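In order, the protein sequences belong to chains B, W, P, U, S and H.
Residues 1 to 314 (the UniProt record's numbering) make up the first sequence, in order.
Residues 1 to 314 (the UniProt record's numbering) make up the second sequence, in order.
Residues 1 to 314 (the UniProt record's numbering) make up the third sequence, in order.
Residues 1 to 314 (the UniProt record's numbering) make up the fourth sequence, in order.
Residues 1 to 314 (the UniProt record's numbering) make up the fifth sequence, in order.
Residues 1 to 314 (the UniProt record's numbering) make up the sixth sequence, in order.
So the structure is just underneath, and the comments pick up after that.
There are 6 protein chains.
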Amino acid sequence: MKRGIGNHQIGDSFEGFVLIKESTKGTTTNGKPFLTLVLRDATGEIEAKLWDINHEDESVFVQEQIININGEINQFRGKAQMRINTIRLAQPTDGVQVADFIEKAPVEREELMEKLTEAIFEMKNPAMQRIVRAIIKKYQEPLLLYPAAAKNHHEYVSGLAHHIVSMLKIARELCELYPEVNKDLLYAGIILHDIGKLKELSGVVSTSYTLQGKLLGHIPIMVEEIGNTAKDLQIEGEEVLILQHMVLSHHGKAEWGSPTPPLVREAELLHFIDLIDAKMNMLNRALDKVKPGEFTERLFAMDNRSFYKPTFED
Amino acid sequence: MKRGIGNHQIGDSFEGFVLIKESTKGTTTNGKPFLTLVLRDATGEIEAKLWDINHEDESVFVQEQIININGEINQFRGKAQMRINTIRLAQPTDGVQVADFIEKAPVEREELMEKLTEAIFEMKNPAMQRIVRAIIKKYQEPLLLYPAAAKNHHEYVSGLAHHIVSMLKIARELCELYPEVNKDLLYAGIILHDIGKLKELSGVVSTSYTLQGKLLGHIPIMVEEIGNTAKDLQIEGEEVLILQHMVLSHHGKAEWGSPTPPLVREAELLHFIDLIDAKMNMLNRALDKVKPGEFTERLFAMDNRSFYKPTFED
Amino acid sequence: MKRGIGNHQIGDSFEGFVLIKESTKGTTTNGKPFLTLVLRDATGEIEAKLWDINHEDESVFVQEQIININGEINQFRGKAQMRINTIRLAQPTDGVQVADFIEKAPVEREELMEKLTEAIFEMKNPAMQRIVRAIIKKYQEPLLLYPAAAKNHHEYVSGLAHHIVSMLKIARELCELYPEVNKDLLYAGIILHDIGKLKELSGVVSTSYTLQGKLLGHIPIMVEEIGNTAKDLQIEGEEVLILQHMVLSHHGKAEWGSPTPPLVREAELLHFIDLIDAKMNMLNRALDKVKPGEFTERLFAMDNRSFYKPTFED
Amino acid sequence: MKRGIGNHQIGDSFEGFVLIKESTKGTTTNGKPFLTLVLRDATGEIEAKLWDINHEDESVFVQEQIININGEINQFRGKAQMRINTIRLAQPTDGVQVADFIEKAPVEREELMEKLTEAIFEMKNPAMQRIVRAIIKKYQEPLLLYPAAAKNHHEYVSGLAHHIVSMLKIARELCELYPEVNKDLLYAGIILHDIGKLKELSGVVSTSYTLQGKLLGHIPIMVEEIGNTAKDLQIEGEEVLILQHMVLSHHGKAEWGSPTPPLVREAELLHFIDLIDAKMNMLNRALDKVKPGEFTERLFAMDNRSFYKPTFED
Amino acid sequence: MKRGIGNHQIGDSFEGFVLIKESTKGTTTNGKPFLTLVLRDATGEIEAKLWDINHEDESVFVQEQIININGEINQFRGKAQMRINTIRLAQPTDGVQVADFIEKAPVEREELMEKLTEAIFEMKNPAMQRIVRAIIKKYQEPLLLYPAAAKNHHEYVSGLAHHIVSMLKIARELCELYPEVNKDLLYAGIILHDIGKLKELSGVVSTSYTLQGKLLGHIPIMVEEIGNTAKDLQIEGEEVLILQHMVLSHHGKAEWGSPTPPLVREAELLHFIDLIDAKMNMLNRALDKVKPGEFTERLFAMDNRSFYKPTFED
Amino acid sequence: MKRGIGNHQIGDSFEGFVLIKESTKGTTTNGKPFLTLVLRDATGEIEAKLWDINHEDESVFVQEQIININGEINQFRGKAQMRINTIRLAQPTDGVQVADFIEKAPVEREELMEKLTEAIFEMKNPAMQRIVRAIIKKYQEPLLLYPAAAKNHHEYVSGLAHHIVSMLKIARELCELYPEVNKDLLYAGIILHDIGKLKELSGVVSTSYTLQGKLLGHIPIMVEEIGNTAKDLQIEGEEVLILQHMVLSHHGKAEWGSPTPPLVREAELLHFIDLIDAKMNMLNRALDKVKPGEFTERLFAMDNRSFYKPTFED
């Protein structure tokens, strides 16, 4: 385990650089101001209290600043909380930058791009290949940067690309087991299904939903994008409709955000591959934090279950 | 009540012209071929049996033909069924045409168009007005022809336009009661909300779903259309997004086909106006068929309820 | 915007008269007693802390007293909270009274009564008219005083009458659009549907549920009342049953408190008119508090949605 | 097992008197008229076909006539169906009457009345006792005649009284086990809970729902009746409200027709005693028809389950 | 009412012996350590704060220690909380023991065992009797000690045996009312249905779930145990299967933990008897704490309802 | 496409050998007996009518007989139905046997066994390996014969083994993608998860549910079996519990028959692999029957969806 803010124990002291993710002013019952900070580095995050602040503190210790702190970790209402003893802003000479404090995909950006390009290269249906290539080209930069979700799964730098590449690997094997599957269609669906998140989410550092994301959501955004791209490329034919359907139906059910359920074999498969990779990502990261014989914290996005790590895991 | 196939009584004889809506060949238990026809005129429809057919009958009495028949109406498994005694194809000299056998909106096409134009004229926001005008212009012809749904409500010629115009009337009054409401936005939402049905449904006579209708549905189709129209007109700004949201959310809930629920005041209102007009259309037509003191048949699209017509209705 | 406790900003000072809605004694972790007060005026309410109290304070600053305070508004756990610096009971010479601190309907009581009377006057069915008139006469006083609900919508003085009169306006227009609707029945249903709340709710100032309200609810209470009134007036006939059905079914579904769903056209319409007016009341008041480009707080009674106010609203 | 129409086997002949429960005219595919009769006696019912009828047959063999028939029992679409060979109306000299063909409770009417009277006699709370006594006196005649439901459970002559008396027996024992229970209240609730069915259901022979039953249902009808009775007897006090609550809440949940769930101990108990007796009645009668080692037919009102009778029974 | 920690009033002082159920260290906003203790005696439990602790306090006042305290009961966030003034560990000379501070069934252990033995003695089917006897013999000790659940109902010493014996009493009476019921089967089902809890729950004092309890649950554990016992006793035949089915189905529905619903008459009855006794136990204990005219606290396991105790209860 | 009864077209004649799956006697409206047969061969099944039968026919043409027929395929109520013209029992000299008329897995029995053995061989955890090996050894014969379900998916000879082997292939790849997964555990779960079906289902030819299957279901049966096997092999330790949990939770949710949801990583994965392979099996077989551009029949076990086969599938 990397040492960092995400690997704290109650009772530990901590000294080092962290990024301020959120900063809120409060007042104690005695009327004294203090700051509640959410601090993070690449290993996780923690809530911290800075007591007895002055006006300058308030204006200096704000969101997205890097700071050097010294504090101790206590328990407050069942959760870890840091009490900050000393604090200072990072200086240029400290040689630290925002990117150092953000979690990244376990696979390099270049490798992710390579795998993506390879999959597109394998596609034989020219209509699908051209649409996919055009969209990937347009969004290449943010695609390699964005997380796959604001929270829950793949919520780290390059998370979306990492999610796509993992899904492509599963798809490749399922196409071998079930040769009836149309590989081009499945690949295209996997690559495009979540690209709408690049418009739905605000970015990488403190990811939130954009207005367009809240009022439309990534699915309708992407259905429109595919239509536009096909129009621009003067591609007509059932491929366009089926690709739009793949994206539209990939959440599986109306209640989950797909007004039309999967009605094409590859759309059904896309839905399941998406589910498996999202759930395994959540699960693996949660289990990584506990020892054999322990249960994870409750995972909200997995029906609030708490998972067990058997003792025979070494 | 108009006399016609929809106003039959068990035991009646019937003689006249009707349209063949469906025609299916069957075989009796003795191995003899017969035709099961669904016949309709502007007042309704009935199932009919033509026994002892020959090969010519099969090829002649097909879908969308007008025929002159003589038969009697019996009860079969609790439903009315006609036994056809004599049958012949309509001749040009009979002076009948398909349009005569299809139900129409109770308001003339011209009047519907006039009301629509008037509403667009009243709009003050130029972005919304231009988008609505462009789409209505593009779809004017089918809009005045299409039903609002394949079944359940406004399922007659000009049904969609009739539905829109009724909703506009409700909207006008609600804008007076609640002056905070943005009338332009509500009008635009009402006019556009179901235009996607012109691509979702196959047409007027034997309305079914198109492939695009089945795989995407009228809501995503229309969200894309609004985006395209705005792009073509080089309109940018929040109006486009909000109009797309109005259409996207008008079914009210994910389970009912809106992946995003209404999050704008006028979207919420649009949803309710749509519901009221659809339900009143179903209800009025079902109650029109029963006498005071009776219950209607069960209305599937209204939670399978059977409604009562009080005896104090004259 | 009127200035008042409901229009506070974090960081503001406040000085003026307010009503104590609730008063609870607490003890700090140091064992010192303090009061948590909920304060209100006609614009809204706020939680406030009065630190370091003595025994007299406890017995003086109690529910439904008017006080003059001076304090400042801080943020506590994400919500506004006032810290009271000075406090004194209002004196007769201050010229303030409880009614000044309670929100009122935006329409005057007299006007509401007039509209109600007018609607009853329009009714032609003598049985319905007499029942409605008798009930309104019996409950006239509280009807003009009570809110329409303990919270969520029309929760202000005359709220119930305001709700009824708004619904009557919608009904009038719908009767014009759908001439098949029985106007007398719809009017009677609207006027009576929530009168049971006068027994279900405790009153106007700190509205809670009565024992009868908790164990029976306003719907069965009113069904019985209609039966009793008809008996007293020696009215028989289907009108009584249908009016009872209107009230019984107006929540639309068993899950929502109507053991029988609407089975009469006007009952269905009543349900929708009720929904629209309740929702628009909530929505308009929530949107009134935010600026264009902002979202409202989450509205619990509207599926916990947060609504957006477009920037093109001026 | 009693011999009768309810104990038929496929392949049996049948000769004897039966009651016509329903009679519907049909036409064969060859255009020949026939009658579909539902025939019943005290042991059950069967569908029967009378082929090749003439006009007189149609007008003679109608609902609620007793007939003497001779026929054989075949299987048609998986269900038993009788083919009638000879048929004649019963004559006065045959000495048969409608009551002979209707199922009755396994306990005599006099005994049921005696148990009821005994329970009322035991009650000590005068308010409850007087209300219960007045209502039972008013409805004594139909109460001893009516079924407890149109179908599913206790659907036989005196079924309602039988259901009440069984429930009282369970109540007596539970009051012993849980001495905190208010026996008067539980008894009163049991006796009154379903009396509204005497207005909800049309009668004993071909039980259907009355208009009042359909538009209000037995629960609100009975809440009103208790209120009226108390008013007539000039009884005031919490007993009236609690009795109304007992009736109102006895279906347990809003979805099941109780807008208020049980909020008083005895109301909760009433709900469960009602459930147990209804279910055991259904179950015992269904299991009575099968042999050890067999499953019953599917019981719709018990979640469509098919129950097993173990081989180690008798 | 017994005097004890469960019968506190806000404002009371308390002096006496209690058991520490939980002990957690916290830190005030000023950085000072304190202990939050959950204290209990046989009448209930309360949260308490011990301020200004030293290192020794931390290591001494831990779970399952008996202490003598003096404190006062305040209100904190709407709940009672004790502020401890003086505290000391109990001494051997105090003559108190853990068992004194734990709630017990209101029936003596010996009497419970006697009733159980009696019921087994009454059984006539040798297969069932031998299986039940073997299992009861094996588990006799914990059975007379364990609660019936970790919380909600019968959560006291001997709770499980008390629950079984109450259910047997209800069963005896229902067998009289419904003579078709197989008494042996019902008795066997009641006695065995929850024995799996002896493996699912950790014990009596601070009851939690075992790993086996979390991963399998008491139902599958007991199905396996019945199978094993029969195998050991060399009993074959349908009795084994039906007993396993009784246990498997006793929660009534898949959603409630029974993958197979009751499909045997006695299984259906077992489910209802279990429900009634569990609910009456919860309800009686909650109502015992309030005065006539009051409502209980919300009961989570009873759909979060708050029950009313009528004023006519003496 | 293989020629056979499953590849019929309306209007075709058919001549050949088929197996009688079901045989039911009926009576025409004229009182003449006939047989309704369900006929099958390895390609599918069809309903057929044999008119004008005599007593011998009835006793000869019964379930599981092979017959040679000549007939024609008509449409009856929207489904294909064969009218049999000539019929005779197969003779020994015809050289046909029951196994020829039953669908088989597309992979040979030997190959399935080999893959299974290979997977067991790869397992490194001795406890799991021994348990799996013992169970597979015990059930080897039926395992290679049984279908994986009575209908819906893999409902053919060796269907269960085919399902297991396909799942193992998916598992192998996922273990590569997610190296944290415990391969032994996942393999063991896959191999054991449905073995309980060998006791739940009656066999291969006319598969129905056994009494044990109906009253317990394959999941609890298998949990017990694993416990027994471990006991016999004297294996203790967490592996046994976790394997039981894998089987218990593999349906994913209580509503779907798993009283405990997956709480171990490999259990979650097992659930998804099971879902994918079952759905792909259904889907591939349904799509195999339609041409590009067509929709499949509605698939009940896939939420009643009808899937589309794109036209760009060659």
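Beta carbons are placed, not taken as given, at the ideal position from N, Cα and C, and that holds for glycine.
Keep in mind the model is a prediction, meaning the values are calculated, not measured.
Chain U contact for residue i (CB, 8 Å cutoff)
i                  : result
Leu-116 of chain P : no
Gln-97 of chain W  : no
Nearest-angstrom beta carbon gap, residue j and residue i [assumed within contact, 8 Å]
i                  : j                  : result
Glu-224 of chain P : Glu-224 of chain U : 5 Å
Val-264 of chain H : Phe-307 of chain B : 7 Å
Interface flag, residue i vs chain H, CB-CB below 8 Å
i                  : result
Gln-75 of chain U  : yes
Glu-255 of chain S : yes
Arg-133 of chain B : no
Lys-2 of chain W   : A caution first: Lys-2 of chain W carries a pLDDT of 44, below 50, which makes its placement in the model too unreliable to give a value.
Contact with chain W by residue i, beta-carbon distance below 8 Å
i                  : result
Asn-304 of chain U : no
Leu-215 of chain U : yes
Lys-25 of chain U  : yes
Short CB-CB distance (under 8 Å) between residue i and chain B
i                  : result
Leu-35 of chain S  : no
Leu-263 of chain W : yes
Beta carbon proximity, residue i to chain P, threshold 8 Å
i                      : result
residue 338 of chain W : There is no way to answer for residue 338 of chain W, as the model of chain W reaches only from 1 to 314.
Short-range partners of chain B found in the stretch 219-237 of chain W, where Cβ spacing is below 8 Å: Ile-219, Pro-220, Val-223, Glu-224, Gly-227, Asn-228, Lys-231
To test your reading of the DSSP string, which unbroken beta strand (DSSP E) runs of 3 or more residues are found completely within the stretch 12-55 of chain S? With a minimum length of 3 residues, the continuous beta strand (DSSP E) runs that stay inside the stretch 12-55 of chain S are 13-27, 33-41, 44-50.
Which runs of the alpha helix (DSSP H) at least 4 residues long sit entirely within the stretch 179-244 of chain H? Give them in chain order. 183-192, 197-200, 211-215, 218-232
Is the stretch 217-237 of chain H close to the stretch 159-171 of chain H, with three or more CB pairs under 8 Å? no
Say whether the stretch 19-29 of chain U touches the stretch 287-301 of chain P, bearing in mind that this needs 3 or more beta-carbon pairs closer than 8 Å, one atom from each stretch. no
How do the stretch 69-79 of chain S and the stretch 108-119 of chain S stand: do at least 3 beta-carbon pairs fall below 8 Å, yes or no? No, they do not touch.
Continuous alpha helix (DSSP H) assignments of at least 4 residues falling wholly in the stretch 238-307 of chain U: 238-249, 265-287
For the stretch 78-96 of chain P and the stretch 177-197 of chain P, state whether three or more C-beta atom pairs, one from each stretch, are separated by less than 8 Å. no
Should the stretch 195-207 of chain W be called in touch with the stretch 194-206 of chain P, which here means at least 3 C-beta pairs below 8 Å? no
What residues in the stretch 290-301 of chain S have a beta carbon less than 7 Å from any beta carbon of chain B? Going along the stretch 290-301 of chain S in chain order, one finds no residue with a Cβ nearer than 7 Å to chain B.
Which full runs of the alpha helix (DSSP H) of 4+ residues lie inside the stretch 152-178 of chain H, going along the chain? 159-177
Evaluate the contact criterion for the stretch 28-45 of chain W versus the stretch 113-125 of chain W: three or more CB pairs, one atom per stretch, below 8 Å. no
Which residues, taken in chain order from the stretch 188-199 of chain W, show a beta carbon closer than 8 Å to some beta carbon of chain B? none
What residues in the stretch 154-172 of chain H have a beta carbon less than 7 Å from any beta carbon of chain B? Ser-166, Lys-169, Ile-170
If contact is defined by three or more beta carbon pairs under 8 Å, each pair taking one atom from either stretch, is the stretch 51-65 of chain H in contact with the stretch 5-15 of chain H? no
Within the stretch 75-110 of chain W, ranges of the beta strand (DSSP E) (whole runs, at least 3 residues): 79-89
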